[in-house]
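Accompanying notes for the structure given below.
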Amino acid sequence: METFRLSNTGRLYAYSIVHRSFPGIDVPYVSAIVDVDGGGTLKGNLIDVEPDPGAIEFDMPVEIVFGDALGRKDGEGNSYVAFFFRPVNGSH
Amino acid sequence: MDAYIVGVDMIKFGRFPEKSVPQLGAEAALLALDDAGLTIQDMQALYCGNLNQAGGMVGQRILQQIGQTGIPVVNVANACATGATAFREAWTSVKAELYDLVLAVGVEQMGRGLLGGGASRGISKEGLLGSGTMPSVFAEAGLEHTRQFGTTFEQFAKVSVKNHHHSTMNPKAMYQIETPLETVMNSEMISYPNTKLMCSVNVDGAAAAVIASEAKAKELGLMSRAVKVRASVLTSDPWQERDLVMPDVNTCTRKASKAAYEMAGLGPEDVDLVELHDCFATAEILHYENLGLCDDGEAGRLIDEGDVELGGRVPVNVSGGLLSKGHPLGATGIANIYEVSTHLRGEAGPRQVEGARIGLTHVIGLGSACGIHILESAQA
Chain A
1 METFRLSNTG RLYAYSIVHR SFPGIDVPYV SAIVDVDGGG TLKGNLIDVE PDPGAIEFDM
61 PVEIVFGDAL GRKDGEGNSY VAFFFRPVNG SH
Chain B
93 MDAYIVGVDM IKFGRFPEKS VPQLGAEAAL LALDDAGLTI QDMQALYCGN LNQAGGMVGQ
153 RILQQIGQTG IPVVNVANAC ATGATAFREA WTSVKAELYD LVLAVGVEQM GRGLLGGGAS
213 RGISKEGLLG SGTMPSVFAE AGLEHTRQFG TTFEQFAKVS VKNHHHSTMN PKAMYQIETP
273 LETVMNSEMI SYPNTKLMCS VNVDGAAAAV IASEAKAKEL GLMSRAVKVR ASVLTSDPWQ
333 ERDLVMPDVN TCTRKASKAA YEMAGLGPED VDLVELHDCF ATAEILHYEN LGLCDDGEAG
393 RLIDEGDVEL GGRVPVNVSG GLLSKGHPLG ATGIANIYEV STHLRGEAGP RQVEGARIGL
453 THVIGLGSAC GIHILESAQA
């Protein structure tokens, strides 16, 4: 096993626009599968895009950004950092 | 030695909170035994499929209801392939000539609401790292098909129109309600492109089958309504690059269908009807191609041109499918065997596929288990 650093960019492979989730989860949001440039596939939320199929294109370039995990904390009050996908400016 | 289904039935699917899982399973077991004209005293083993009480010895508790004869009981859990797996274990025991008369039961009692997501330590990932709900997972699989072949929301929705229409002719389905295209497309959006009417119904249900060796079926005089098991195949998913984040719902079906056609010495062109795993409308489209009912990229045309409707070239899910008959996880794989057997016996009433001689049943447990059976009428 070797450590491998994923790049911070990729392209949208597939998605779903989630309008109903479990109680307490904010909707709508875009659940996205992204093929990372140079290898690897990630699943996460596609943000800063209209939750509308007309606004989302297969293979659209995205960047991987990091932020607080929507304010979620575990049982001990710890905060978490999550990754998100954001369209690369001018791509859509 | 070939193995035959000599008794098979299911309870009407619905919501029965006043009943227990073993009660539901016992009802189906007795229906299947009655169908064969046999009793639990005649059975040499019981293979019981149930998912939500997988640790609960459901098979033994069914026998507490219908007769504790001391036979071996095997309890099986394999996600949505649970029922088909129980049936296959029963079939395997007859093929191995260990027994010549056995019972398979599939049963499930469901809650309501979304399946999937899963438990996690720390914080919930749902809505943070995408969605793990089943409607979303199968929406993503459907849009992978859109990405490849341009399949439209409307084409996915037509699957639901068709299956709900079929279920109006099936008194054992949960629903008997027509849902026109506009109704399907305008119902609550759950996970685009799956609307609420494009998601399978969570119901309680049970189905059972009695399997006999050819010699036993002849000895008992049961060949006239018997159904021959031409192929029984179970696969798991091979490694695939996107596995960790995107369950591959296609490859295990492709492997299973190829193996099943080979075992039966048949091809998809020989199949008169199919009951496939339409857990979501998007999934049915994928499986037309995975089962070889059409070439890759042709699934949208198949639904547009009516090939898969009752009266079409190869009717799919004439029972109403999981979308309208309902999807009690552990029962589904035997309920679809009941449906195909009923057509092969010419006993399906208004929804009968005329002249049906060969039928195929298919279930998948997410991406990781696929069960396929090819069945043939035993009448010459």
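Taken in sequence, the protein lines are chains A and B. Counting in the numbering used here, the first sequence runs from 1 upward without gaps. Counting in the numbering used here, the second sequence runs from 93 upward without gaps. Idealized CB from N, CA, C, for every residue including glycine.
Per-residue contacts from residue i into chain A (C-beta, under 7 angstroms)
i, result
"B:Ala231", "Ser16"
"B:Gly222", "Ser31, Ala32, Lys43, Gly44 and Asn45"
"B:Glu218", "Ser21, Phe22 and Ile25"
"B:Leu452", "The premise fails here: B:Leu452 is roughly 28 angstroms from chain A at the closest Cβ pair, so nothing lies under 7 angstroms."
"B:Leu235", "Ala14, Tyr15 and Ser16"
Contact list for residue i against chain B, beta-carbon separation under 9 angstroms
i, result
"A:Arg20", "Leu206, Thr225, Pro227, Glu280, Met281, Ile282, Ser283 and Lys288"
Residue interval of the beta strand (DSSP E) (run including residue i)
i, result
"B:Ser283", "Met281 to Tyr284"
"A:Gly44", "Thr41 to Leu46"
"A:Thr9", "Thr9 to Val18"
"A:Tyr80", "Ser79 to Pro87"
"B:Ile154", "Looking at the DSSP string, B:Ile154 is not in any beta strand (DSSP E); the run it does join, the alpha helix (DSSP H), is Val150 to Ile158."
"A:Phe66", "Pro61 to Lys73"
"B:Glu270", "Premise fails: B:Glu270 is in no beta strand (DSSP E) and is neither H nor E."
"B:Arg322", "Val319 to Ser328"
"B:Thr453", "Ile450 to Gly457"
"B:Ala476", "The requested residue 476 of chain B is not part of the displayed model; chain B covers only 93 to 472."
"B:Ile97", "Ala95 to Met102"
"B:Val199", "Leu193 to Glu200"
"B:His465", "Ala461 to Ser469"
"B:Cys140", "Leu138 to Gly141"
"B:Glu367", "Leu365 to Glu367"
"B:Ser316", "Element bounds for B:Ser316: n/a, residue is neither H nor E."
"A:Val36", "Tyr29 to Val36"
Per-residue contacts from residue i into chain B (C-beta, under 7 angstroms)
i, result
"A:Phe58", "Arg239"
Among the options, nearest to residue i - alpha-carbon criterion
i, options, result
"B:Gln152", "B:Ala118, B:Asp192, B:Ser228 and B:Glu311", "B:Ala118"
"B:Phe372", "B:Ile429, B:Asn428, B:Ile282 and B:Ile426", "B:Ile282"
"B:Gly459", "B:Val341, B:Phe241 and B:Ala299", "B:Val341"
"B:His465", "B:Leu358, B:Ala440 and B:Glu446", "B:Leu358"
"B:Lys347", "B:Gln160, B:His379, B:Cys291 and B:Asn409", "B:His379"
"B:Ala196", "B:Thr424, B:Ile450, B:Val366 and B:His454", "B:Thr424"
"B:Lys250", "B:Val113, B:Tyr353, B:Leu206 and B:Glu376", "B:Glu376"
"A:Lys43", "A:Val27, A:Gly24, A:Glu63 and A:Gly54", "A:Glu63"
"A:Glu57", "A:Ala82, A:Ile33 and A:Pro23", "A:Ile33"
"B:Ala307", "B:Gln145, B:Lys187 and B:Ala169", "B:Lys187"
"B:Thr287", "B:Ser316, B:Asn167, B:Leu206 and B:Ala323", "B:Leu206"
"B:Thr243", "B:Gln201, B:Ala427, B:Gly389 and B:Ile429", "B:Gly389"
"B:Ala124", "B:His258, B:Ala318 and B:Pro285", "B:Ala318"
"B:Gly392", "B:Leu289, B:Leu415 and B:Gln247", "B:Gln247"
"B:Ser185", "B:Asp364, B:Val166 and B:Gly203", "B:Val166"
"B:Gln160", "B:Ala169, B:Leu138 and B:Ser469", "B:Leu138"
"B:Glu446", "B:Ala470, B:Val410, B:Val325 and B:Trp331", "B:Val410"
"B:Ser252", "B:Cys386, B:Pro263, B:Ile395 and B:Pro360", "B:Ile395"
"A:Val49", "A:Asp37, A:Gly67 and A:Tyr29", "A:Tyr29"
"B:Pro164", "B:Gly438, B:Val321, B:Val150 and B:Ala120", "B:Val150"
"B:Val363", "B:Leu452, B:Asn170, B:Val113 and B:Ile103", "B:Leu452"
"A:Asp52", "A:His19, A:Gly71 and A:Ser7", "A:His19"
"B:Val337", "B:Lys217, B:Asp387, B:Pro407 and B:Leu467", "B:Lys217"
"B:Glu181", "B:Val321, B:Thr343 and B:Ile450", "B:Val321"
"B:Asp94", "B:Leu314, B:Glu189 and B:Ala301", "B:Glu189"
Start and end residues, alpha helix (DSSP H) containing residue i
i, result
"B:Cys482", "The requested residue 482 of chain B does not occur in the structure, where chain B is confined to residues 93 to 472."
"B:Pro114", "Val113 to Ala128"
"B:Asp396", "Ala391 to Asp396"
"B:Ser223", "Careful: B:Ser223 lies outside any alpha helix (DSSP H) and carries neither H nor E."
"B:Ala373", "Ala373 to Asn382"
"B:Ser433", "Leu421 to Leu436"
"B:Ala348", "Thr343 to Ala356"
"B:Asn255", "Phe245 to Ser259"
Amino acids of chain B, ordered along the chain, whose beta-carbon sits closer than 8 angstroms to that of residue i
i, result
"A:Pro53", "Phe245, Tyr284 and Pro285"
Neighbouring residues, chain A, relative to residue i (Cβ below 8 angstroms)
i, result
"B:Ile215", "Ala69, Arg72, Lys73, Asp74 and Tyr80"
Along the stretch 26-48 of chain A, what residues have a CB closer than 7 angstroms to any CB found in chain B?
Asp26, Tyr29, Ser31, Ala32, Ile33, Thr41, Leu42, Lys43, Gly44 and Asn45
Taking a Cβ distance cut-off of 7 angstroms, strictly less, list which residues of the stretch 355-380 of chain B are near chain A, in chain order.
none
Which residues, taken in chain order from the stretch 331-346 of chain B, show a beta carbon closer than 8 angstroms to some beta carbon of chain A?
Glu333, Arg334, Leu336, Val337 and Met338
Inter-stretch contact at 8 angstroms, needing at least 3 Cβ pairs: the stretch 409-425 of chain B / the stretch 126-134 of chain B
no
The stretch 269-284 of chain B touching the stretch 394-410 of chain B, judged by at least three CB pairs closer than 8 angstroms
no
Check whether the stretch 285-296 of chain B touches the stretch 430-438 of chain B, taking contact to mean three or more Cβ pairs, one atom from each stretch, closer than 8 angstroms.
no
Within 8 angstroms, do at least three Cβ pairs link the stretch 232-243 of chain B to the stretch 185-199 of chain B?
no
Taking contact to mean at least 3 C-beta pairs separated by less than 8 angstroms, is the stretch 326-334 of chain B in contact with the stretch 295-305 of chain B?
no
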